[in-house]
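Before any comments, here is the structure.
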Amino acid sequence: MTGPDLKADLHGYLRVARAAVVWKLDGLSEYDVRRPLVATGTNLLGIVKHLATVEWGHFGAAFGRPDPLSLPWTSDTAEPDADMWAAENESREELLDLYHQVCAASDAVIDDHGLHAIGHVPWWPEPARTVTLQHILIHTIAEAHRHAGHSDIVRELVDGTAGYMDGAGLVGREDPAARRQQRDRLEAIARRAH
């Protein structure tokens, strides 16, 4: 009997976050996937674009396999935070396809290297620039799950859908009326607290 496979476990957590973020776009209109629902402008399609950009830099570039895809929003002349929203000429299909391509390239790097393989993230400051695959995998998992949480909140603001995948909601009250009642109860508690 063998022990747990840490690399497979970590890779699995990354795959879960990826799937959750992509699932958040299902069934929504073009408007709803692009719509900024919080003051920072965070939107569902922008999160997908951002995570594609993150993985593009974290795995291929850091481990000697730069992806041949060009991401114009990463250039020095790009608009600030251009990886956080979809431009008018960037379709949902293009950005999802990009994300899937980048993830496949990342998966190849993860599959082909041991956790102790050394990589270099050129735009990170020294001494943080030198990383192991394990470090960059954990860093990317944290980033992906952080943004999966953002996606969950944004999607809930759009249409009330919650959870990390279809049929796997982690919210105890699935009935919309029960959710409203609980939200109203919590609002009353908050108002009495000040």
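Residue 183 in the numbering used here is what sits at position 183 of the sequence shown, and the numbering runs on without skipping anything. We put the CB at the ideal spot given by N, CA and C, even for glycine. This one's a predicted model, so the numbers in the text were calculated from it and none came from an experiment.
A residue is called buried when at least 16 other Cβ atoms come within 10 angstroms of its Cβ; residue 118 does not meet this threshold and is exposed. Residue 130: member of the beta strand (DSSP E) spanning 130-132, first to last residue. Given a length threshold of 4 residues, each whole run of the alpha helix (DSSP H) inside the region 43-69 is given here in chain order: 44-55. Distances from the alpha-carbon of residue 105 to those of 61, 85, 193, 4 put 61 closest.
In this chain, residue 120 is not harboured by any alpha helix (DSSP H); it is covered by the beta strand (DSSP E) spanning 118-120. If you check the CB distance, residue 99 and residue 52 come in under 7 Å. The shortest CA-to-CA distance from residue 135 to any of 41, 156, 120, 154 is the one to 120. Contact check for residue 19 against residue 148 fails: the beta carbons are separated by 7 Å or more.
Distance between residue 15 and residue 185, taken at the CA atoms: about 36 Å. Exclusion of the five residues before and after residue 54 leaves 140, 143 as the residues of its chain whose Cβ lies within less than 7 Å of its Cβ. Membership of residue 12 in the alpha helix (DSSP H) is indicated by the continuous run 6-23. The region 40-52 and the region 80-90 touch, with no fewer than 3 CB-CB distances between them shorter than 8 Å. Judged by DSSP in its simplified three-state form, residue 100 adopts helix. In this structure, residue 34 lies near residue 45, with their beta-carbon atoms less than 7 Å apart. Taking 7 Å as the cut-off, the Cβ atoms of residue 116 and residue 132 count as close. In this structure, 154 is the residue among 111, 154, 138 with its C-alpha nearest to the C-alpha of residue 39. A distance below 8 Å between beta-carbons, with the five flanking residues on each side excluded, links residue 78 to the following residues of its chain, in chain order: 72.
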